[in-house]
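So the sequence shown is numbered by the UniProt record's numbering: it starts at 1 and just counts up by one. Even glycine gets a Cβ: it sits at the ideal position worked out from N, Cα and C. Written out below as structure tokens is the structure these notes cover.
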Amino acid sequence: MTDYTVEFVGTGEEISVSEKETILSRCIEEGIAQEYSCRVGMCLACSAEIVDGEVTQPAARGLTERERENFALTCMARPASDLRLDRGKYPPSIEADAAVGDDAAAADD
């Protein structure tokens, strides 16, 4: 079993994560405050931008194929190399959904 280093950009936090466990599960064990909600790869609350490195995340259903190249859902993602992640960064699809929701709310005013 291979362990990889996962560094969270801008926080000084770093953990060792096995290729067999999710990044979120290790964060919880280590007491790192990683946001999450559904834990099944759908809600995107645990999203992080992949700054450097690779993950496997076949069950990350909330991300498009293209988004999987640049973003990790930490509840599903397992490291495939040492990683640098920027937590709280969301893929374009969720940003676009938020903008549509804001426009709809403004139209109701």
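Residue i burial status per 10 Å Cβ neighbour count (16 or more: buried)
i: Met1; result: exposed
i: Pro92; result: exposed
i: Lys20; result: exposed
i: Glu29; result: exposed
i: Cys38; result: exposed
Alpha-carbon spacing of residue i relative to residue j, whole angstroms
i: Phe71; j: Glu49; result: 4 Å
i: Ser81; j: Glu13; result: 17 Å
i: Met76; j: Val55; result: 9 Å
i: Ala59; j: Tyr4; result: 20 Å
i: Asp52; j: Thr22; result: 17 Å
Bounding residues of the beta strand (DSSP E) (the contiguous stretch that carries residue i)
i: Arg87; result: 83–87
i: Leu73; result: 71–73
Nearest neighbour of residue i, chosen from the options [CA to CA]
i: Val17; options: Pro79, Arg84, Val9; result: Pro79
i: Gly40; options: Ile32, Ile94, Leu63; result: According to the sequence displayed, residue 40 carries Val and not Gly. For Val40, the nearest C-alpha among the options comes from Leu63.
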